[in-house]
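Chains as they are written, first to last, in the working numbering: chain A, 8 to 230; chain B, 382 to 593.
1) At the level of alpha carbons, what is the spacing between residue 214(A) and residue 439(B)?
2) Among residues of its own chain, excluding the 5 on either side of residue 466(B), which ones have a beta-carbon nearer than 7 Å to its beta-carbon?
3) Enumerate in chain order the residues of its own chain whose CB-to-CB distance from residue 617(B) is below 7 Å, with the five nearest sequence positions on each side excluded.
4) Is the separation between the beta-carbon of residue 168(A) and that of residue 208(A) shorter than 9 Å?
5) Taking all protein chains shown into account, do 16 or more other C-beta atoms lie within 10 angstroms of the C-beta of residue 540(B), making it buried, or fewer, making it exposed?
6) Decide yes or no for the touch test of the segment 160-176 of chain A against the segment 518-536 of chain B: beta carbon pairs closer than 8 Å, at least 3 of them.
7) Is it buried or exposed, residue 553(B), if we count other Cβ atoms within 10 angstroms and call 16 or more buried?
8) Tell me whether the beta-carbon of residue 567(B) lies closer than 9 Å to the beta-carbon of residue 573(B).
9) For residue 206(A), does the count of other Cβ atoms within 10 angstroms reach 16, so buried, or fall short, so exposed?
10) So is residue 189(A) in contact with chain B if we call contact Cβ pairs under 9 Å?
11) Just to confirm the assignment, what range does the alpha helix (DSSP H) spanning residue 598(B) have?
12) Quick one: give me the first and last residue of the alpha helix (DSSP H) that residue 476(B) is part of.
13) What does residue 553(B) reach in chain A if we use C-beta pairs closer than 7 Å?
14) With 9 Å set as the bound, which would you pick, yes or no: does the beta-carbon of residue 90(A) sit closer than that to a beta-carbon of chain B?
15) Over what stretch of residues does the alpha helix (DSSP H) that includes residue 453(B) continue unbroken?
16) Under three-state DSSP, which class holds residue 520(B)?
17) Determine which residues of the segment 194-208 of chain A have a Cβ less than 7 Å from any Cβ of chain B, and write them out in chain order.
18) For residue 31(A), name the three-state secondary structure that DSSP assigns.
19) Give every residue of the same chain whose Cβ lies closer than 8 Å to the Cβ of residue 172(A), excluding the five residues on either side of it in the sequence, and list them in chain order.
20) Expressed to the nearest angstrom, what Euclidean distance is found between the alpha-carbon atoms of residue 18(A) and residue 384(B)?
21) Name the chain B residues that come within less than 7 Å of residue 64(A), Cβ to Cβ?
22) Taking residue 558(B) as the query, report the chain A residues whose CB atoms sit under 7 Å from its CB, ordered along the chain.
23) Should residue 163(A) be labelled buried (16 or more other beta-carbon atoms within 10 Å of its own) or exposed?
24) List the DSSP bridge partners of residue 546(B).
25) Identify, in the order they occur along the chain, each residue of the same chain with its Cβ nearer than 7 Å to the Cβ of residue 399(B), setting aside the five sequence neighbours on each side.
26) Do residue 442(B) and residue 185(A) have their beta-carbon atoms positioned less than 9 Å apart in this structure?
27) Does the segment 137-156 of chain A come into contact with the segment 108-128 of chain A, if we say contact requires no fewer than three beta-carbon pairs (one atom in each stretch) closer than 8 Å?
28) Any beta carbon of chain A sitting closer than 9 Å to that of residue 561(B)?
29) Just to confirm my understanding: we take residue 119(A), look at its own chain, exclude 5 residues before and 5 after, and list those with CB closer than 8 Å. What are they?
30) Does the distance from the C-beta atom of residue 88(A) to that of residue 219(A) stay below 9 Å?
31) Does residue 56(A) get closer than 9 Å to chain B when you measure Cβ to Cβ?
32) May I ask you to list the residues that DSSP assigns as paired with residue 113(A)?
33) Please decide whether residue 153(A) counts as near chain B, where near means a Cβ-Cβ distance under 9 Å.
34) Going by other Cβ atoms of all chains shown within 10 Å of its Cβ, with 16 needed for buried, is residue 182(A) buried or exposed?
35) Cutting at 6 Å between CB atoms, please list the residues of its own chain near residue 229(A), excluding the five before and the five after it.
36) Out of 204(A), 38(A), 178(A) and 211(A), state which residue places its alpha-carbon closest to the alpha-carbon of residue 91(A).
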């Protein structure tokens, strides 16, 4: 794009220049192109998101603090198993059942019929409907609320709910961190009001091992 | 017949508007850019539907890599104005009877990404200038019960900055035992609220099926 400016020589009088001298901007544009490309490639536009989780406080002294009591009929135990599988059973295992452990059902992380989402939504239908109706009212403009109060109202709906399941999440040692995040995500998607993460018990490890066909290697405490 | 005079010069394009536009874009990018930093271990975060953005400061980020190493980061990269990093390191040094010089503290403050160096190697690490040589020291922070340096880091971080929030950034393939261990250590120090760093994805729910 370079150009050669030819000077006219001789012949008559010199004319005074009328227009401003022309600056060749090509190199400047080249440089700017480079810089823009550089910045565009190094910029991280989308910031990472965070998901909050509150774990129950650790009971450090069992003589002073008692574990909270929850009703067994509403309890669902989800055990994160190896190979992206979830094993679940309802209720609790009583000490007299230790020799014949209840069977577990296998699920996966998909949204299909075999997935954990269908199972959770089935059990959490009443609350999920309420949250969904509320969200619809906000979306269609029937209710005009700030985002903060929307979140608060949903939290309130969850708080007063007493029909949905209480989900206890446990992780078998061959599960991975992705499974953990996925299951917490499912809790948020399905609008589960009460869920928490608790350490796995030895009989639950056994149940997973029987269901998944792994050689038993119990490591959890046998308390 | 008169000759048709052909223009000898190529037509001149006025580049001024283009330059204007470019400078606007360039300024915008320069002002909004946050440099992507190379983490000491590659981490693919799992996906979730959460839309809450990561906090910019008052954070204590734990990086859990695929090979079960733990790295620490305060306030995501170069320090904020309040300069918590050198204070935390100085406290750590006091505990282990290591005197860190001002230059070393400054080096720690400037370090742009997560750090996974055992405290006894920290001095050597901070005095190494070459990035490649530095990477050798990043062996992860010891978390076993004999020498639980992670617990001390968390303790001092919370002493220096009481508003600090715990963030966990793990690879989707990180095994669960290490996650469990880290959560245990945090809970021993009475940290019960965690932020799990994830990437955004859309949720798909088949509403008709549920309402049946």
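In this text, a Cβ means the ideal position worked out from N, Cα and C, and glycines have one as well. All figures in this text were calculated on a predicted structure; none of them were measured in a lab.
The short version:
1) Between residue 214(A) and residue 439(B), the C-alpha separation is close to 42 Å.
2) The residues 455, 460, 489 and 490, in chain order, have a CB closer than 7 Å to that of residue 466(B) in the same chain once the five nearest residues on each side in sequence are set aside.
3) Residue 617(B) lies beyond the stretch modelled for chain B, which goes from 382 to 593, so this question has no answer here.
4) Not closer than 9 Å, so no.
5) It is exposed - the Cβ of residue 540(B) has fewer than 16 other Cβ atoms within 10 Å.
6) Output reads no: the segment 518-536 of chain B does not touch the segment 160-176 of chain A.
7) Burial is judged here by how many other beta carbons sit within 10 angstroms of a residue's own beta carbon; residue 553(B) has at least 16 and is buried.
8) Contact: yes.
9) Counting Cβ neighbours within 10 Å, residue 206(A) comes out exposed, since fewer than 16 surround it.
10) Output row for residue 189(A): interface = yes.
11) Given a span of 382 to 593 for chain B in the structure shown, any question on residue 598(B) remains unanswerable.
12) In the DSSP annotation of this structure, the continuous segment of the alpha helix (DSSP H) that includes residue 476(B) starts and ends at 465-476.
13) Near residue 553(B) (Cβ distances below 7 Å), the residues of chain A are 183, 184 and 185.
14) Not one chain B Cβ lies under 9 Å of residue 90(A).
15) Unbroken run through residue 453(B) is the beta strand (DSSP E), 451-455; no alpha helix (DSSP H).
16) Residue state, collapsed to three classes: coil.
17) For the segment 194-208 of chain A, the beta-carbon criterion of a distance under 7 Å to any beta-carbon of chain B is satisfied by 195 and 196.
18) In this structure, residue 31(A) counts as coil in the three-state DSSP scheme.
19) Contacts found: 81, 82, 83, 127, 130, 131, 199 and 201.
20) With a pLDDT of 49 at residue 18(A), under the threshold of 50, the modelled position of that residue is not reliable, and no figure is offered here.
21) Residues of chain B whose Cβ lies closer than 7 Å to the Cβ of residue 64(A) are, in chain order, 573.
22) Residue 558(B) reaches chain A at 180, counting residues in chain order whose Cβ is nearer than 7 Å.
23) Under this definition residue 163(A) is an exposed residue.
24) Residue 546(B) is bridged to 440(B).
25) Cβ within range, chain order: n/a, list empty.
26) No.
27) Taking a cut-off of 8 Å on C-beta distances, the segment 137-156 of chain A does not touch the segment 108-128 of chain A, as fewer than three cross pairs fall below it.
28) Chain A, which has a Cβ nearer than 9 Å to the Cβ of residue 561(B), makes this yes.
29) Excluding sequence neighbours, residue 119(A) sits near 125.
30) Against a cut-off of 9 Å, the Cβ pair of residue 219(A) and residue 88(A) comes out as a contact.
31) Contact of residue 56(A) with chain B is assigned, a C-beta pair being separated by under 9 Å.
32) Bridge partners of residue 113(A): 94(A).
33) Not closer than 9 Å to any Cβ of chain B, the Cβ of residue 153(A) fails to qualify, so no.
34) Classification for residue 182(A): buried.
35) Any answer about residue 229(A) is weak, because its pLDDT of 47 lies below 50 and its placement is not dependable; what the coordinates show is given next. Around residue 229(A), the same chain offers 209 as residues with beta carbons nearer than 6 Å, after the five sequence neighbours per side are excluded.
36) It is 178(A).
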